[in-house]
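Protein chains in written order, with the numbering used here: chain A, 1 to 325; chain B, 1001 to 1341.
C-beta: ideal position from N, C-alpha, C; glycine also.
Notes for the one structure printed next.
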Amino acid sequence: MLKYIGKRLLHLIPVMLIISMVLFGIMELMPGDAVNAYLGVGSGVSVEQQAQMREELGLNKNVVVRYGNWLGRTLKGDFGKSILLRAPVRDVMGRSIWNTFILNFFGMVIAFAISIPVGIKSAVKKYGAYDNFWTVFSLVGVSMPSFFFALVLIFFVGIPLGLPLTLMRDPMQAVRGYPSLWAELVDIGRHMIMPLTVLVISSLASLTRYVRNSVLEVINQDYIRTARSKGLSEKVVIYKHAFRNALLPIVTLLGSYIPSLFGGSLILETIFKWPGIGNRLHEAIFKKDTSLVMAINVFYALLMLAGNLLADISYAFVDPRVKVS
Amino acid sequence: MINKEDKSKREVQLEVIDIKKYFPVKSGFMGRKVEYIKAVDGVSFKLHRGETIGLVGESGCGKSTLGRTIVRLYDPTEGKIIYHGREIEGDIAKLKGKQLKALRREMQLIFQDPYSSLNPRMSVSNIVGEAMLSHGIVKPGKEYKNAVMDLIETCGLSPYHIYRYPHQFSGGQRQRIGIARALALNPDFIVADEPVSALDVSIQSQILNLMMDLQEKMGLSYLFISHDLSVVKHISDRIGVMYIGSLVELAAKDELYKTPAHPYTRALLDAIPVADPTLKRQMKPIIGELPSNIHVPSGCKFHTRCPYVKDICKQEIPILREYDPENHPEHFVACHFAGEI
């Protein structure tokens, strides 16, 4: 098992190298220039000064040299400085990841907590009114883009109820300082309601479907009939025999959710101005902030690969038939 | 095994009276029930204690459905199933809840496919013992473990096998687990739904012999479903032949093989391969396709394919009757011309 994990980790090295090259290349192909983007149009800064800035930032060297510099720095654990925020990338990312994690962790817990029982019930009462309702719900949920749903929700729910629509904390309160930790948590909670609702509903749409299908696949198996013939109660048949077998694909899905747990959603965070990593990436791309974009994208890539590895390993724990080798 | 000379003392254990099982076929946009598959369409017979009735017929003739309906895995659409058991006496066709659970202790099933009928996520000890715990036959702990080990040994596996998972066994071993599972509740009557058809021929006889040994030891009665006539001949006392949901012939094994009275039975027996390559066989294949069990033919269901068909066959449904009580006692046939053709 350990040998397998070690081998998989070694495989990550060439993959990551190639990914970073491609990412760097794409950044390079993007039109525009970091200094111009930073200064803005008509800033009045002279051409000489701009050239000097470029030299300081190392932007006047050719791509290969710059990629080499970036790689050398990064391998030493130095992710460089964000031009945009004038702060080390490492600090910027630390805070943003944490903010993203809070939002997505609750989103994931709530989405799974709802979709597992709903999916099981839909499967057991296949084509019943309950199942049909969730089928329509899923279809609508999957078809509707999350930004559209977010806008609808803001207009019809957020504004009438007076819920905070942007940011994570109330700026005035945050500056003045909270009277207690509890007050801070309540404030964050209030700000989370809107983005969380969009997050949960859009993941519910596919999750309930997924759980339903994996339970359905199991429920028609011969061994479920065997379990019934033992005279077990329907509850035991469904939850002990069927659900445990249906868990396998659900666990894999959980693995693929881990990247988004830390990665968040660029669109959702941008709409609600949630100070998470997706929002940062969005800003950084527009400002051509290479260090920050590279760091975030490499982080995304790592998450993806780690998620896959984790799903493969967790298979072995759930299914006695799977032996990792 | 039953003593053939002593027919008067035979005790009826199970009596099936005109049982029917229809499955609705839904179609159309709103899923309206429009038609029915008549999987089992009026079957009656008696099973005696300690006896094995073999049930044969083509695929889709309703053998498995009949078996599952009798053990109440399916709810019968119509008809009565009279059972004379230890705790249950009378019609079991409409049992529910606690009584249905009690019925599971009296009758069990052995399933066809030993690969898919065992839960891959459970150890043998759980597969076999779960029902014992659920029915409160044994207490958890040592008593439970010993009971499972005993049962596994009775079925020809080793005690240490109980910690393994189904995928670690061969097909024959898996079917032994399936049998141990069925025996866990100590039933008197077992429906074996093609228990050997998924197994290699060399393993089939082992499993059949195990089943016969267990029958002798535990006084079991079997309803043995198969489409393999040689297997049925080996294990059965009496044999029933099914065709599109109905029993067309029922007789003692030797009687049926020597003097088949229904043209369908004859065609089936004709189709048994003979292990002699030099022998030229004059097989008369049944012509035509198996009619659908939704739109069942009128009169005798076999009339569309019967070589001896007459007008009456198309109109009147032949009933299952003892066609010649003097020369062929207890030989039941559903044919208008039994004994004449």
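Here Thr1052(B) carries a strand assignment [DSSP, helix/strand/coil].
Taking Gln173(A) as the centre and dropping the five residues before and after it, the same chain places the C-beta of Asp187 closer than 7 Å to its C-beta, in chain order. Assigned with DSSP and collapsed to three states, Pro1166(B) falls in helix. Val1191(B) is bridged by DSSP to Leu1109(B), Leu1223(B). By the CB criterion at 9 Å, Ser214(A) and Leu254(A) fall outside the cutoff. At a cut-off of 9 Å between beta-carbon atoms, Glu1130(B) makes contact with chain A. Here Met1132(B) really is in contact with Val1138(B); their C-beta atoms are around 5 Å apart, less than 8 Å. Listed in chain order, the beta strand (DSSP E) runs fully inside the region 1203 to 1260 of chain B are 1221 to 1225, 1238 to 1243, 1246 to 1252, counting runs of at least 3 residues. Chain A has a Cβ within less than 9 Å of the Cβ of Val1071(B).
In the DSSP assignment, His11(A) falls within the alpha helix (DSSP H) that extends over 2 to 29. Per DSSP, the unbroken alpha helix (DSSP H) holding Glu1153(B) starts and ends at 1142 to 1154.
In this structure, the alpha-carbon of Leu1073(B) lies about 25 Å from that of Gly1172(B). Contacts with chain B at 9 Å (Cβ-Cβ) include Ser233(A). In the structure shown, His1303(B) adopts coil according to DSSP, grouped into three states. In terms of Cβ geometry, Ser203(A) and Ala111(A) form a close pair [threshold 9 Å].
In terms of Cα proximity to Tyr1264(B), the closest of Gly1288(B), Thr1052(B), Ala1275(B) is Gly1288(B). Its Cα nearest to that of Arg1068(B), the residue Ile1190(B) stands out among Ala1184(B), Ile1190(B), Gly1054(B), Arg1086(B). Going by DSSP, Asp1311(B) is part of no beta strand (DSSP E) but of the alpha helix (DSSP H) stretching over 1311 to 1315.
In chain order, Ser122, Lys125 place their CB closer than 6 Å to the CB of Asp131(A), counting only its own chain and leaving out the 5 sequence neighbours on each side. Membership of His191(A) in the alpha helix (DSSP H) is indicated by the continuous run 181 to 219. Within the region 223 to 306 of chain A, the runs of alpha helix (DSSP H) that reach at least 4 residues and sit entirely inside it are, in chain order, 243 to 263, 266 to 271, 277 to 286.
Contact annotation for Ser1221(B) against chain A: no contact, minimum CB-CB distance about 17 Å [criterion: below 8 Å]. Within chain B, no C-beta atom comes nearer than 8 Å to that of Ser214(A); the closest sits roughly 13 Å away.
Pairing Ser206(A) with Ile285(A), the inter-Cα distance amounts to about 29 Å.
Residue contact with chain B for His191(A): absent (no Cβ-Cβ distance below 9 Å to any residue of chain B). A buried status is given to Glu1051(B), since no fewer than 16 other beta-carbon atoms sit within 10 Å of its beta-carbon. Taking CB atoms only, Phe1111(B) has a neighbour in chain A less than 9 Å away. From the beta-carbon of Lys125(A), no residue of chain B is found nearer than 8 Å; the closest lies around 13 Å away. Cβ contact annotation for Arg73(A) (same chain, cutoff 8 Å, sequence separation greater than five): Phe79, Gly80, in chain order.
Arg244(A) has its alpha-carbon roughly 28 Å from the corresponding atom of Ser1064(B).
Comparing alpha carbon positions, the residue from Asp91(A), Ala51(A), Leu165(A), Gln49(A) closest to Ile193(A) is Leu165(A). Neighbourhood of Arg1104(B) in chain A, by CB distance below 8 Å: Ser229, Lys230, Gly231, in chain order. Residue Tyr1036(B) holds the alpha-carbon nearest to the alpha-carbon of Asn1293(B) among Tyr1036(B), Ala1267(B), Ala1147(B), Glu1316(B). In this structure, His1262(B) lies near Ala1338(B), with their beta-carbon atoms less than 9 Å apart. Here the C-alpha atom of Gly1240(B) lies approximately 9 Å from the C-alpha atom of Ala1252(B). The C-beta separation of Gly141(A) from Ile201(A) comes to about 6 Å, placing the pair in contact by the 8 Å criterion.
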